[in-house]
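These notes concern the structure reproduced below.
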Amino acid sequence: MAVEKSNIEDRIIEFQKMEKQLEMYMGQRYQFEMQLAETSIALEEIGILEENSELYKSTGGFFIKTKKSIALDELNGRKSLLESRIKMFKDQEDKLKSNLTRLGKSLEEEMKNSK
Numbered sequence: 002m003a004v005e006k007s008n009i010e011d012r013i014i015e016f017q018k019m020e021k022q023l024e025m026y027m028g029q030r031y032q033f034e035m036q037l038a039e040t041s042i043a044l045e046e047i048g049i050l051e052e053n054s055e056l057y058k059s060t061g062g063f064f065i066k067t068k069k070s071i072a073l074d075e076l077n078g079r080k081s082l083l084e085s086r087i088k089m090f091k092d093q094e095d096k097l098k099s100n101l102t103r104l105g106k107s108l109e110e111e112m113k114n115s116k
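Using the working numbering, you'd call the opening residue of the sequence shown number 2 and step up by one each time.
Encoded structure:
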């Protein structure tokens with residue numbers, strides 16, 4: 002019986018670790034979603050500018066003059082990268098949720114049977 006209890010405790014610890022990992026993924030995905038929203042707004046704002054408008058980008062502590070087309074290319078690249086990262090974290094979240102559900106049901110059954 003002690004071996005069973007130890008096994009259940011180990012699986013509960015595993016479950017808790019998975020929950021923390023899920024929270025971490027969700028937090029990181031949220032940060033990327035916020036960056037994506039900012040990038041999308043920047044794309045919209047730059048998109049309405051005339052081609053010859055003066056445009057500056059922040060690089061470290063400096064502002065550097067750039068062309069509209071270059072800024073749009075960089076922002077579109079950033080947008081694509083953010084979208085792929087968000088998708089990756091969403092996929093990881095889905096896998097973890099599935100594993101947590103499976104492990105939770107398994108633990109529930111084990112605890113019922115150990116009483």
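Think of the CB as a built atom: it goes at the ideal place given N, C-alpha and C, for glycine as much as any other residue. Computed from a predicted model, the values in this text were never measured in an experiment.
>> By the three-class DSSP mapping on this structure, what secondary structure does S41 have?
In response: Within the sequence shown, residue 41 is the residue found at index 40, counting from 1. Looking at S41 - three-state DSSP - the assignment turns out to be helix.
> Helix, strand or coil: how does DSSP classify S59 here?
Replying inline: Mapped onto the sequence shown, residue 59 falls at position 58. In the structure shown, S59 sits in a strand (DSSP, three-state: E or B).
>> Am I right that I65 and Y57 are in contact with their C-beta atoms under 8 Å? What's the rounded C-beta distance?
In response: The residue given as residue 65 occupies position 64 in the sequence shown. The residue given as residue 57 occupies position 56 in the sequence shown. Their Cβ separation, rounded to whole angstroms, is 6 Å, which keeps I65 and Y57 in contact under 8 Å.
>> Distance check for N77 and S85, CA to CA, integer angstroms please.
In response: By 1-based counting over the sequence shown, the position of residue 85 is 84. By 1-based counting over the sequence shown, the position of residue 77 is 76. Their backbone Cα atoms lie some 12 Å apart in a straight line.
>> On the DSSP bridge list, what partners appear for I13?
In response: As a first step, residue 13 must be located in the sequence shown, where it is residue number 12. Looking at the DSSP assignment, I13 forms no beta bridge with any residue, so it has no partner.
>> To the nearest angstrom, how far is the alpha carbon of M35 from that of K88?
In response: One-based indexing of the sequence shown puts residue 35 at position 34. One-based indexing of the sequence shown puts residue 88 at position 87. Taking the straight line from one Cα to the other gives about 14 Å.
>> Is it buried or exposed, F33, if we count other Cβ atoms within 10 angstroms and call 16 or more buried?
In response: What you label residue 33 is simply residue 32 of the sequence shown in a count that begins at 1. Looking at its Cβ environment, which holds 16 or more other Cβ atoms inside 10 Å, F33 is buried.
>> Nearest by alpha-carbon distance to I71: which of L82, K91, K18 and I47 is it?
In response: Here residue 71 refers to the residue found at position 70 of the sequence shown. When only C-alpha atoms are compared, the closest one is I47.
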